[in-house]
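Structure representation (structure tokens):
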């Protein structure tokens with residue numbers, strides 16, 4: 013009986029040992045499968061470039077697009093944040109912005125906005141393809157290395173404005189009451205292009221043009237003699253192009269003769285002020301005479317002077 017008890021205890025010890033060994037073999041290796049978020053701190057917008065948007069807030073933060081690539085593939089193709097955190101970090105919720113689990117390092121670039129009046133921009137081969145309406149404040153943040161899952165690095169995106177910004181003043185330079193009709197300002201120019209997200213270079217599609225119109229609620233008939241009015245609004249256009257503008261009063265359109273001695277370069281990220289002076293009331297006509305020679309400044313109905321304001 014004692015021998016049977018000894019055999020039984022020995023068998024229990026053996027089975028217990030086997031059970032422990034099996035348990036150790038089946039226990040998975042400790043692998044951290046918790047997603048590691050990528051920290052982006054959009055410290056803002058380059059102070060040397062100016063336009064409409066000079067700061068990011070919770071009202072416009074969801075128009076930021078993030079483009080992320082690794083050495084092997086595109087990771088994020090326009091993901092947008094939902095809000096700004098208490099430490100000014102971007103918060104991504106749907107989907108979350110996390111490092112790829114393959115361990116590869118990731119590079120992040122940014123752009124703004126992601127759409128034009130509801131029409132989403134598209135990304136092809138590292139280039140953002142877009143169409144302008146004159147209201148979009150196109151910006152780009154240069155690519156930055158964000159590290160990888162094991163060695164993450166906080167990213168500080170610095171956005172720069174890529175378009176030229178034109179603001180307007182209106183001057184009634186006559187002694188008279190102007191015709192009845194709301195005032196608008198127009199220019200015919202290209203409206204489509206692409207932004208290389210790797211280097212920030214804008215390529216203009218010269219074959220695609222439209223009429224950009226800045227409508228105002230100013231009735232010319234209400235402008236007093238010698239009065240100057242700042243137009244509420246502006247036009248955001250491609251940089252480094254030659255622009256001509258027209259003034260419309262109601263349905264009548266007039267060329268604006270711009271002083272070419274101070275002709276601007278229309279640089280990207282620069283704001284310009286075009287002061288439009290209505291000189292005469294008795295010659296409601298365009299600037300070109302029947303002999304196709306331009307009228308002198310003294311005979312012009314509408315004159316323009318441009319200065320850089322910031």
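In our numbering, the protein residues as written are 13 to 322.
Ideal Cβ positions, reconstructed from N, Cα and C, are used throughout, including at glycine.
The model shown is predicted, which means the values in this text are computed figures rather than measured ones.
Helix, strand or coil at residue i according to DSSP, with G and I counted as helix
| i | result |
| --- | --- |
| residue 113 | coil |
| residue 2 | Outside the shown range of the chain (13 to 322) lies residue 2, about which nothing can therefore be said. |
| residue 33 | Summary for residue 33: the model assigns pLDDT 41, below 50, so the residue's position carries little reliability; its value from the coordinates is reported in the next sentence. In this structure, residue 33 counts as helix in the three-state DSSP scheme. |
| residue 145 | coil |
| residue 118 | coil |
| residue 106 | coil |
| residue 221 | strand |
| residue 317 | strand |
| residue 298 | Model confidence at residue 298 stands at a pLDDT of 39, short of 50, so the residue's coordinates are unreliable; what they give is reported in the following sentence. Correct three-state label for residue 298: coil. |
| residue 74 | helix |
| residue 69 | coil |
Buried/exposed call for residue i, threshold 16 Cβ in 10 Å
| i | result |
| --- | --- |
| residue 174 | buried |
| residue 318 | buried |
| residue 253 | exposed |
| residue 149 | buried |
| residue 270 | buried |
| residue 130 | exposed |
| residue 83 | exposed |
| residue 199 | buried |
| residue 19 | Low local confidence applies: a pLDDT of 36 at residue 19 is under 50, so the model's placement there is unreliable, with the coordinate-based value given in what follows. Counting Cβ neighbours within 10 Å, residue 19 comes out exposed, since fewer than 16 surround it. |
| residue 243 | buried |
| residue 34 | Bear in mind that the predicted position of residue 34 carries a pLDDT of just 37, short of 50, making it too unreliable to give a figure here. |
| residue 321 | exposed |
| residue 281 | buried |
| residue 74 | exposed |
| residue 283 | buried |
| residue 316 | buried |
Residue i: first and last residue of the uninterrupted beta strand (DSSP E) it sits in
| i | result |
| --- | --- |
| residue 181 | 176–184 |
| residue 264 | 264–267 |
| residue 155 | 151–157 |
| residue 77 | 77–81 |
| residue 288 | 283–290 |
| residue 87 | 86–91 |
Residues bridged to residue i (per DSSP)
| i | result |
| --- | --- |
| residue 127 | 132 |
| residue 170 | 56 |
| residue 258 | 198 and 267 |
| residue 209 | Note: residue 209 sits in no beta bridge, so no partner. |
| residue 100 | Residue 100 is not bridged to any residue. |
| residue 215 | 206 |
| residue 164 | 159 |
| residue 242 | 181 |
| residue 249 | 176 |
Inter-residue CB distance, residue i and residue j (contact presumed, cutoff 8 Å)
| i | j | result |
| --- | --- | --- |
| residue 154 | residue 212 | 6 Å |
| residue 96 | residue 183 | That belief does not hold up - the Cβ atoms of residue 96 and residue 183 are roughly 41 Å apart, past 8 Å. |
| residue 123 | residue 209 | 6 Å |
| residue 201 | residue 266 | Going by Cβ atoms, the distance from residue 201 to residue 266 rounds to 18 Å, so no, they are not a contact pair. |
Min CB distance residue i to chain B below 8 Å
| i | result |
| --- | --- |
| residue 158 | Structure shown: chain B not included; a single protein chain is present. |
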